[in-house]
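Data first, discussion second: the structure below is written as structure tokens.
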Amino acid sequence: MPAALPQSRMPMPAPGQRYLDLKASVHKKLLNRLNLEALAQSDRARAESEIRTLLAELLRREGDTAASQRCAESLAERRGSSYIDTCLSLTEAIMAHGAGDAAAAHERIEHAVLRAEPENVLRPFAERREELADLLVEHAVWGTAHESFIAALMAREAQGETRLRAQSYWNLTEREREVLSYMRSIMTAAEIAEALYISVNTVKTHERSIYRKLGAVSRRDALKTAAKRGIV
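Going by this note's numbering, the first residue of the sequence shown is number 132, and it counts up by one from there.
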């Protein structure tokens, strides 16, 4: 009997096929929610841009940074939408940070907050919360022209963080934890007061209470102790 033929294997996908398959999958899911044919031309173009924006982020999360970057670069109209530009800039920032390019990461973060702040675009940051947590802190230290917005983002992260140790909450009140979150930036007491819509004296009272409870004598000491306790 002739030798048995080796079992045939499925052909390997051509280069770029994975990108196309993922794009088709994303497109199909969104089409279930959007009737693109019924949309006006401008709305249809925006919907397509949002699909590609989502695809760029999904490709990044899948580890295909090259395809993600190509997808982002294909959106020449991204600057027409603060939401899309913010999303893509954050995706690019996370990829640059992962590649060890700190300068590019901070440039992209700064551009993202520049586009997001005027319209208070928060969803892209929330969707990437875990990966941006440390990067936002680093960016605040690196320097930004949008201190208040960055501090507000960090405060939101601190409020929504479920990993904090329960013991940490025994010491600081909710308002004190909020002030402490803003203290991670280089904002002054007056700027923190303005951001929280409270008086400067109230902020200073909270700061003194934070120092006392954490056994600190300065903002730097308080942040160092808070970090050790898992508060920030």
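Even glycine gets a Cβ: it sits at the ideal position worked out from N, Cα and C. Treat the numbers as computed from the prediction; the structure is a model and nothing was measured.
Spatial neighbours of residue 181 within its chain, please: CB distance less than 7 Å, with the 5 preceding and 5 following residues excluded, ordered by chain position.
Position 50 of the sequence shown, counting from 1, holds the residue named residue 181. Within the same chain, residue 181 has close Cβ partners 215.
Leaving out five residues on either side along the sequence, give the residues of the same chain with a beta carbon under 6 Å from the beta carbon of residue 236.
Residue mapping note: residue 236 aligns to position 105 of the sequence shown, counting from 1. Result list for residue 236: 224, 227 and 228, in chain order.
Same chain only: Cβ atoms within 7 Å of residue 262, ignoring 5 sequence neighbours per side:
For the purposes of this step, residue 262 is taken as the residue at position 131 of the sequence shown. For residue 262, where only same-chain residues beyond five positions count, the Cβ hits under 7 Å are 225.
Alpha carbon of residue 356 to alpha carbon of residue 304, nearest angstrom
Position 225 of the sequence shown, counted from the first residue, corresponds to residue 356. Position 173 of the sequence shown, counted from the first residue, corresponds to residue 304. Between residue 356 and residue 304, the C-alpha separation is close to 16 Å.
What residue range does the alpha helix (DSSP H) around residue 196 cover?
In the sequence shown, residue 196 corresponds to position 65, counting from 1. Boundaries of the alpha helix (DSSP H) around residue 196: 196-204.
Count the CB pairs spanning the region 279-287 and the region 319-329 that are closer than 8 Å, and state whether there are at least three.
yes
Buried or exposed: where does residue 250 fall if 16 or more other Cβ atoms within 10 Å of its Cβ makes it buried?
By 1-based counting over the sequence shown, the position of residue 250 is 119. Classification of residue 250: exposed, given that the 10 Å Cβ count is below 16.
Going straight from the alpha carbon of residue 190 to that of residue 255, what length do you get?
If you number the sequence shown from 1, residue 190 lands on position 59. If you number the sequence shown from 1, residue 255 lands on position 124. Spanning the two alpha carbons is a distance of roughly 16 Å.
Tell me whether residue 334 is buried or exposed, calling it buried when 16 or more other Cβ atoms sit within 10 Å of its Cβ.
Sequence index remark: in the sequence shown, residue 334 carries index 203 (1-based). By the Cβ-count criterion, residue 334 is buried, with 16 or more other Cβ atoms from all chains shown falling within 10 Å of its own Cβ.
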